[in-house]
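Visitor:
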Amino acid sequence: MDDQHLEEIVNAVLKELAAMGIAPSSRTARSAPARPGESPPEVVIDLGDPATPAARGSPGVNHPADSDGLTALMETTPARIGVGRSGPRLRTRSLLLFQSDLAVTQDALMRDVDIKLLDEFNLFRVQTRITGGKQEYLLRPDLGRQLSNEARRVVAERCVKAPNIQLCVGDGLSAAAIEANLRKIFPVIEAGCKTGGLSLGTPFFIQYCRVGVMNDIGDLLHPDVLILLIGERPGLGRADSMSAYMAYRPKSGDTDAERDVICNIYDGGTNPLEAGAYTLQLAQKMIRSQASGVKLKLMEK
Amino acid sequence: MDGARQMVSVGIDIGTTTTQIIFSELTLVTVARAGQIPRLDITERRVLHESEIVFTPLLDAETIDAQRLAEFLRQEYQRAGIAPQQIETGAVIITGETARKKNADQILKAIADLAGDFVVTVAGPNVEGMIAGRGSGASSYSRQHFTTVTNIDIGGGSANSAVFRQGKLAASAAMNYGGRVIEISDGMVRAITRAGQWIMDSAGVYFAVGDRPTLADLHRVTDAMTEVTLHLIEGSTSPLAAKLYQTPPSPVSGRGKPVMFSGGIGYYFYDPIPLSTVADVSRHGDIGPLLAESLRDCPALHGYTILRPAETQRATVLGASSQTLILSGSTIWADQSILPLKNVPVIRPDLNEKPLNADTIAAAIGEALRRWDLNLDSDFFAVSHEFSHSLDYPQLVQIAQGLVNFSRSLPASRPLIAIIKQDYAQALGQTVKGLVGSRPLLVIDQVGLEEGDYIDIGAPLMDGRVVPLVVKTLIFYH
Ligand code: B12
């Protein structure tokens with residue numbers, strides 16, 4: 001639905017309301033967008049920033065029976081508990097926090113990963129079969145699971161074949177996650193390969209990336225283990241979380257049952273330095289067992 | 302997932318008045334967390350056998366009879382059907398006045414073969430309070446109820462407070478009084494400890510060994526003890542309290558928060574007996590039951606929520622047997638060949654407000670090591686540190702390089718042992734390993750340690766990804 005269409009609907013509703021004798025209240029009118037020529041209305045929000053850690057942690061319930069207990073309970077979860085309410089509604093603070101968190105989420109999802117970061121690690125960039133930007137990326141996961149023809153050519157041309165470890169980075173559902181964690185996890189994996197005597201292939205970046213693209217990469221490069229660092233679907237206000245999806249000798253036809261994932265990689269979940277070292281340990285185990293995913297789990301039993 | 306694994310653990314509490322022993326079975330289970338790194342958890346603590354509570358055998362007022370003590374313990378092993386070799390972990394805790402008795406070392410020697418390889422000796426007022434509070438259930442109550450609980454453990458000769466906030470120890474303190482500051486039998490005073498005399502002086506009560514005190518006199522003594530107990534709870538002090546404190550007053554006041562009483566006094570606090578004569582009071586040869594009554598009648602305590610703990614008399618011994626084992630984080634770096642290790646002293650380099658670069662770090666570790674009189678050719682030691690913020694990769698490398706630079710001052714075969722609070726052990730271990738060559742390396746995390754702690758590190762569990770540890774302090778009272 002485009003903006004013009006929306007505006008038409010809104011106007012139609014307003015007209016109907018006016019016909020019924022219900023006029024928008026003066027308060028609504030005051031905060032309405034300024035018309036050309038008018039100066040913008042002054043919006044005064046007499047509230048501190050609700051998104052600071054201190055504000056998030058402070059209870060919104062008036063006169064709690066056990067305020068220490070309530071604070072402690074709130075500390076155990078990022079869920080919005082103990083926020084209180086105003087009559088039957090959200091407090092202004094909760095509403096603003098919700099909107100601000102949602103904006104963080106949407107930004108992370110719609111934005112591209114900073115090219116400077118990719119250059120820092122000499123990651124060349126290829127694309128999946130998505131051509132219509134993020135909008136199409138969201139609507140067509142199937143296309144996000146296949147490398148474009150151009151990408152296949154470039155990858156085949158530029159990458160070392162059959163390494164022990166192939167490392168790839170994909171935007172996935174959060175550019176912010178890659179930006180927050182790559183500088184920390186990448187060098188740990190690189191150094192760990194050296195320490196562990198594992199050959200590391202030529203790393204690259206995939207735009208509009210889905211997890212399923214691992215099969216195409218496997219077909220082209222035949223690594224023992226493919227590690228795909230990819231942005232996780234952001235949670236409300238938490239967009240920094242990255243996953244490492246891993247597979248032993250991935251190939252076309254493989255499903256998620258052949259893969260493993262280490263999720264929640266960020267400072268606050270599993271920190272990216274430690275996750276890097278753990279990822280390599282898991283990779284070594286995959287090589288030893290010649291398996292990943294469900295098969296690896298069954299071998300442990 | 303790996304199956305569950307059981308460990309037999311022993312707790313031995315040698316108190317001023319009584320001695321007890323408990324055998325527990327700890328169940329360690331690998332907990333898979335969806336998408337996250339699996340972790341090892343102690344999921345069950347089951348008591349296998351608990352001894353009678355016996356009087357600590359004494360040769361005289363100052364000396365414990367180590368031989369008879371060992372004899373009692375040996376008997377209990379037999380009753381429990383447990384051989385010392387089966388014991389994998391646990392703790393011997395020598396509390397209060399007893400630890401001051403001249404022959405603490407001798408006691409440890411006498412029971413060494415019973416305590417198994419990995420049983421540690423703990424003592425020190427802060428450790429005592431913490432172990433009692435974990436054993437009484439105060440710690441888990443505070444966690445389950447998202448609250449703050451003060452546990453007051455009063456035995457024969459020592460009173461310990463421990464404040465737990467959501468399961469974590471927030472503060473502790475200790476005083477040296479208990480039910481046995483005055484010993485009475487057949488209505489006659491048999492002994493008065495130094496602390497007992499102070500309390501009597503402060504209460505304005507005068508009697509001496511050989512006298513027959515009245516119930517009212519004894520009441521005034523236990524009322525004065527109740528007053529200092531309030532100071533112990535609230536982290537405050539008085540002229541008498543100041544004499545009795547063995548630590549600074551608790552930095553966290555328990556005022557207005559729930560309180561639990563454990564120890565022998567805790568027992569009589571919740572299950573009082575009628576006390577109408579001096580004979581009633583002195584049924585155990587001391588004034589313990591009367592102290593419990595004074596506490597029950599104390600008006601200031603009526604304003605408190607007093608909770609009944611799961612354990613009273615057995616809190617300390619239960620804590621020693623089931624709550625002293627801790628587990629490292631589940632991403633570590635361990636050259637298994639050097640484990641297990643016993644009695645490793647912990648050094649803490651002072652890195653506060655210093656830049657995290659390799660030279661500073663290496664120098665700070667060397668500096669900290671000099672504070673100890675260690676023979677670097679034979680003694681192990683562990684370097685412990687906490688970072689106040691999350692690390693980035695260049696910082697990780699500097700820390701690793703700092704450790705490596707420092708290790709060059711050690712003989713080539715000496716292991717490098719680093720213990721950190723935050724979850725960076727595997728990344729740090731991998732980085733150090735890349736720089737340090739063949740030197741054995743142990744890096745573990747999620748354990749906070751203080752300078753002066755000693756640790757035992759057990760053989761790795763869960764595919765080598767976790768090590769069990771016991772932290773102990775060997776600092777006795779002096
Ligand atoms: C969205 C999601 C799903 C969606 C995926 C929808 C889709 N087709 O896109 C649905 C609801 C189907 C799903 C199902 C499952 N999921 Co899921 N899922 C997630 C979630 C919330 C976000 C994933 C994400 O952002 N991916 C990144 C984008 C870019 O990838 P994508 O290509 O668009 O989508 C693929 C991946 O999401 C992948 N995927 C999703 N879940 C899982 C689980 C495993 C083990 C693997 C290998 C792959 C995988 O499947 C998608 C298709 O290939 C994560 C939570 C998190 N913190 O990451 C959990 C998470 C990854 N899922 C998890 C689990 C356990 C499962 C299930 C096994 C649950 C079950 N018992 O059936 C199934 C397996 C599904 C499968 N693909 O085989 C766990 C993984 C734990 C682990 N390491 O073993 C996670 C971490 C959640 C958690 N904390 O419990 N999941």
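Chains as they are written, first to last, in the working numbering: chain E, 1 to 301; chain B, 302 to 779. Don't be surprised by glycine CBs; every beta carbon is placed ideally from N, CA and C.
#1: Which chain E residues are close to Phe447 of chain B, counting only those with a beta carbon under 7 Å from its beta carbon?
#2: Please list, in chain order, the residues of the stretch 688-704 of chain B that have any C-beta partner in chain C closer than 7 Å.
#3: With distance defined between alpha-carbon atoms, name the residue in B:Gln747, B:Ile756, B:Glu752 nearest to Leu341 of chain B.
#4: Thinking just about the alpha-carbon of each residue, which of B:Leu608, B:Ile534, B:Ala543 is nearest to the one in Tyr568 of chain B?
#5: Sorted by chain position, which residues of the same chain lie with C-beta nearer than 8 Å to Met299 of chain E's C-beta, five sequence neighbours on each side aside?
#6: If I follow the unbroken beta strand (DSSP E) through Glu258 of chain E, where does it start and stop?
#7: Using the Cα positions of Ile206 of chain E and Leu220 of chain E, report the straight-line distance between them to the nearest angstrom.
#8: Inspect the beta-carbon positions of Val733 of chain B and Val768 of chain B and report whether they are closer than 8 Å.
#9: Looking at chain E, is there any beta carbon in it that lies within less than 8 Å of the beta carbon of Lys410 of chain B?
#10: Within 10 angstroms of the Cβ of Asp487 of chain B, are there 16 or more other Cβ atoms? Answer buried if so, exposed if not.
#11: Report the residue ranges of all beta strand (DSSP E) runs contained in full by the stretch 554-586 of chain B; include only those spanning at least 3 residues, in chain order.
#12: Kindly examine the ligand COA and report whether one of its heavy atoms sits closer than 7 Å to the Cβ of Arg615 of chain B.
#13: Could you give the first and the last residue of the continuous alpha helix (DSSP H) run that contains Lys184 of chain E?
#14: Chain B beta carbons: is any one of them nearer than 8 Å to that of Gly276 of chain E?
#15: Using only the alpha-carbon positions, how far apart do Ala29 of chain E and Pro41 of chain E sit?
#16: Is the stretch 677-696 of chain B in contact with the stretch 634-654 of chain B, if contact means three or more CB pairs nearer than 8 Å?
#17: Whole angstroms are fine: how far does the CA of Val188 of chain E sit from the CA of Arg93 of chain E?
#18: Should Tyr248 of chain E be listed as close to the ligand B12, given that the test is whether its C-beta is under 7 Å from any heavy atom?
#19: Please confirm whether Gly735 of chain B has its beta-carbon closer than 8 Å to some beta-carbon of chain E.
#20: Between the stretch 630-648 of chain B and chain E, which residues of the former have CB atoms less than 7 Å from a CB of the latter, in chain order?
#21: Exposed or buried, Lys184 of chain E, counting other C-beta atoms within 10 Å across all chains shown (16 or more means buried)?
#22: With DSSP collapsed to three states, give me the class of Pro426 of chain B.
#23: For Arg259 of chain E, is the beta carbon positioned less than 7 Å from some heavy atom of the ligand B12?
#24: So what does Glu351 of chain B bridge to, in DSSP terms?
#25: Starting from Glu751 of chain B, trace the alpha helix (DSSP H) both ways and give me its first and last residue.
#26: In whole angstroms, what is the alpha-carbon distance linking Ile262 of chain E and Gly231 of chain E?
#27: Would a check of beta-carbon distances place Gly192 of chain E closer than 8 Å to chain B?
#28: Thinking C-alpha only, which one of B:Gly564, B:Ala601, B:Tyr605, B:Leu619 is nearest Gly458 of chain B?
#29: Could you tell me whether the Cβ of Asp267 of chain E comes closer than 8 Å to any Cβ of chain B?
#30: Within 8 Å, do at least three Cβ pairs link the stretch 614-627 of chain B to the stretch 341-358 of chain B?
#31: Are the CB atoms of Ile365 of chain B and Ile408 of chain B within a distance shorter than 8 Å?
#32: For a contact meaning CB atoms closer than 7 Å, what does Asp724 of chain B contact in chain E?
#33: Sort B:Ile394, B:Pro641, B:Pro610 by Cα distance to Tyr442 of chain B and report the nearest one.
#34: For a cutoff of 8 Å on Cβ pairs, would you count Arg259 of chain E as touching chain B?
#35: Whose C-alpha, out of B:Ser631, B:Ile700, B:Ser503, B:Ser691, is nearest the C-alpha of Ala664 of chain B?
#36: Could you please give the first and the last residue of the uninterrupted alpha helix (DSSP H) stretch that includes Lys251 of chain E?
Guide: Here's the rundown:
#1: Gly69, Ala72, Leu73, listed in chain order.
#2: Looking at the structure shown, chain C is missing, and the protein chains on hand are E and B.
#3: Here the closest residue by C-alpha is B:Gln747.
#4: Comparing Cα positions, the closest option is B:Leu608.
#5: If we look at Met299 of chain E and ignore the five residues flanking it on each side, its Cβ neighbours are Ser289, Ala291.
#6: No beta strand (DSSP E) contains Glu258 of chain E, which DSSP labels as neither H nor E.
#7: Cα to Cα, the separation comes out at about 14 Å.
#8: Inclusion of Val733 of chain B and Val768 of chain B in the CB contact set at 8 Å is not warranted, their separation being larger than that value.
#9: No, no contact with chain E.
#10: It counts as exposed.
#11: Fully enclosed beta strand (DSSP E) runs of no fewer than 3 residues occupy 560-563 of the stretch 554-586 of chain B, in order along the chain.
#12: Ligands present in the displayed structure are limited to the ligand B12, and the ligand COA is not among them.
#13: Segment 175-196, the alpha helix (DSSP H) holding Lys184 of chain E.
#14: At least one chain B Cβ lies under 8 Å of Gly276 of chain E.
#15: Residue placement at Ala29 of chain E is flagged as unreliable, the pLDDT there being 42, under the threshold of 50; the coordinate-derived value follows with that caveat. Rounded to whole angstroms, Ala29 of chain E to Pro41 of chain E spans 10 Å at the Cα level.
#16: With a cut-off of 8 Å, the stretch 634-654 of chain B and the stretch 677-696 of chain B count as touching, because enough Cβ pairs lie within range.
#17: Going from the Cα of Arg93 of chain E to the Cα of Val188 of chain E covers about 40 Å.
#18: The ligand B12 has no heavy atom closer than 7 Å to the beta-carbon of Tyr248 of chain E.
#19: Chain E, which has a Cβ nearer than 8 Å to the Cβ of Gly735 of chain B, makes this yes.
#20: Answer in chain order: Thr632.
#21: Label assigned to Lys184 of chain E: buried.
#22: The three-state reading of DSSP puts Pro426 of chain B in helix, counting H, G and I together.
#23: Taken from the Cβ of Arg259 of chain E, at least one heavy atom of the ligand B12 lies inside 7 Å.
#24: Glu351 of chain B is bridged to B:Ile323.
#25: Taken as a continuous stretch (DSSP letters only), Glu751 of chain B belongs to no alpha helix (DSSP H), as it is neither H nor E.
#26: Approximately 12 Å, taken between the alpha carbons.
#27: Interface residue, yes.
#28: Comparing alpha carbon positions, the residue from B:Gly564, B:Ala601, B:Tyr605, B:Leu619 closest to Gly458 of chain B is B:Gly564.
#29: Interface residue, yes.
#30: In this structure the stretch 341-358 of chain B lies against the stretch 614-627 of chain B, because at least three pairs of beta carbons, one per stretch, are closer than 8 Å.
#31: In this structure, Ile365 of chain B lies closer than 8 Å to Ile408 of chain B by Cβ.
#32: Counting only Cβ-Cβ distances below 7 Å, Asp724 of chain B has contacts in chain E at Asn271, Glu274, in chain order.
#33: Among B:Ile394, B:Pro641, B:Pro610, the Cα nearest to that of Tyr442 of chain B is on B:Pro610.
#34: False, the Cβ-Cβ gap to chain B never drops below 8 Å.
#35: Cα-wise, what sits closest to Ala664 of chain B is B:Ile700.
#36: From DSSP, Lys251 of chain E is part of no alpha helix (DSSP H); its letter is neither H nor E.
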